[in-house]
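In the UniProt record's numbering, the protein residues as written are 1 to 331.
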């Protein structure tokens, strides 16, 4: 079968379209899926550039997010049948095969039925960002109805679904974006207030919007500089959640504010084989499926590339300022 192989750590040129053996079912609870699309996420580019998480030798197939059709089932499979359309976050980190390929095999435990009203491309764009945003806002952030949340980079892959999830919780959403062109987009997703990054930052604007109180929950999807400035816009006794390493910080103001600081790395259950935590990830997809089918949650795919153009997809995402998601399409 055709697959994109990461042949070494480095720039996008290390990605190569090759023929490899089609994976086989080796356990009674596994399903074989004909992949129709694979989401492209920043983690894919980081693994490509820095190396895989495991000691297995290269080459490796990247891509955590996938969507496709069940074409074979193991003898003990009881959740799916032939022809079912499924989406999932599985593999792509250097051990299990990822989804930049025509076919994959995974345990039925880690897959979920796709929303009826999504295409394969739309479905493949969502699992990782939905699980990430849900974990940051609700599990780590404890966001409640009526609270104010500040979501950084609201037009991005994680940010644009985080806005919608927060609104489903009946929270007030303030979001930051990198340009005036993105304001209308995040407003269409439900953002109540939008702050465009300025050379002097965003803190003054956010504190003005919150009458100096700050946001109850702040969700940093950007990195160190944004995290550090966010301390001053997190309400006293609030929660500041980040996806990234904040680096060295002066914790005096965070301590004075009695902040809870949390980290969200949705890959941890896969990397550490925490199966019960992965079960929670599948339940998140199940709950989001219902919201999507009811028209309460949507995905924005800004670019789709054929599988053989995975290099271009990586170039595009590493250029920055992506609006929504990027997806590889198999057919």
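Every residue gets a Cβ at the ideal spot worked out from N, C-alpha and C, and that includes glycine. On a predicted model such as this, the values are computed, not experimentally measured, just so you know.
Going by C-alpha to C-alpha distance, which of 72, 315 and 220 sits closest to residue 246? 220
May I ask you to verify whether the segment 109 to 127 touches the segment 286 to 297, counting CB pairs closer than 8 Å and requiring at least 3? yes
Let's test the definition: count the other Cβ atoms within 10 Å of the Cβ of residue 227 and tell me whether it reaches 16, buried, or not, exposed. buried
According to DSSP, simplified to helix, strand and coil, what is residue 14? helix
Residues in the same chain with beta-carbon distance under 6 Å from residue 93, minus the five sequence neighbours each way, listed in chain order, please. 53
Unbroken stretches of the beta strand (DSSP E), 3 residues or longer, contained in the segment 114 to 155: Counting only runs of 3 or more, we get 148 to 151.
Using DSSP bridges, identify the partner residues of residue 273. Answer by DSSP bridge pairing: none, since residue 273 is not bridged.
Would you decide whether residue 30 is buried or exposed? Buried here means 16 or more other CB atoms lie within 10 Å of its CB. Label assigned to residue 30: buried.
DSSP three-state label for residue 229, please. helix
Identify the residues that DSSP records as bridge partners of residue 6: which are they? DSSP lists 15 and 60 as partners of residue 6.
Inter-residue CB distance, residue 195 and residue 174 (contact presumed, cutoff 8 Å): That pair is a contact at about 7 Å.
Which class does residue 245 belong to by DSSP, given the choice of helix, strand or coil? Residue 245: coil per DSSP, three-state reduction.
How long is the line joining the alpha carbons of residue 28 and residue 72, rounded to whole angstroms? Rounded to the nearest angstrom, the two C-alpha atoms are 11 Å apart.
Check the DSSP bridge columns for residue 32 and list the partner residues they point to. Beta bridge pairing from DSSP links residue 32 with 72 and 105.
Pick from 20, 295, 313 and 230: whose alpha carbon is nearest that of residue 150? It is 230 whose Cα lies nearest to the Cα of residue 150.
By Cβ distance below 8 Å, which residues in the same chain neighbour residue 56 in space, the five residues on each side in sequence not counted? Excluding residues within five positions, the ones whose Cβ falls inside 8 Å are 94 and 95.
How many angstroms separate the CA atom of residue 35 from the CA atom of residue 120? 9 Å
Any idea what DSSP makes of residue 189, helix, strand or coil? The answer is coil: DSSP assigns residue 189 none of H, G, I, E or B.
Classify residue 212: buried if its beta carbon has 16 or more other beta carbons within 10 angstroms, exposed otherwise. exposed
When the distance is taken between beta carbons, is residue 253 closer than 7 Å to residue 45? no
At which residues does the alpha helix (DSSP H) containing residue 328 begin and terminate? Segment 325 to 329 is the beta strand (DSSP E) holding residue 328; no alpha helix (DSSP H) there.
CB-CB length for residue 33 against residue 68, believed under 8 Å: Indeed they touch by this definition, with Cβ atoms about 4 Å apart.
Between which two residues does the alpha helix (DSSP H) carrying residue 168 extend? That run of the alpha helix (DSSP H) goes 157 to 168.
How about residue 159 and residue 153: are their beta carbons less than 7 Å apart? yes
Any non-hydrogen atom of the ligand SAM within 6 Å of residue 119 CB: This structure lacks the ligand SAM, and indeed carries no ligand of any kind.
For the alpha helix (DSSP H) containing residue 220, name the first residue and the last one. Segment 215 to 220 is the beta strand (DSSP E) holding residue 220; no alpha helix (DSSP H) there.
Can you say whether residue 104 is buried or exposed, counting buried as having 16 or more other CB atoms within 10 angstroms of its CB? buried
Taking C-alpha atoms, which residue in 62, 48, 89 and 172 lies nearest to residue 268? 89
By the 10 Å Cβ neighbour count, where 16 or more other Cβ atoms means buried, how is residue 122 classified, buried or exposed? buried
Sorted by chain position, which residues of the same chain lie with C-beta nearer than 8 Å to residue 187's C-beta, five sequence neighbours on each side aside? 194
Beta-carbon contacts of residue 180 that lie in its chain and below 8 Å, excluding the five residues immediately before and after: If we look at residue 180 and ignore the five residues flanking it on each side, its Cβ neighbours are 196.
CB residue 91 to CB residue 241, shorter than 7 Å? no
Closest by C-alpha distance to residue 161, when choosing among 5, 300, 313 and 310: 300
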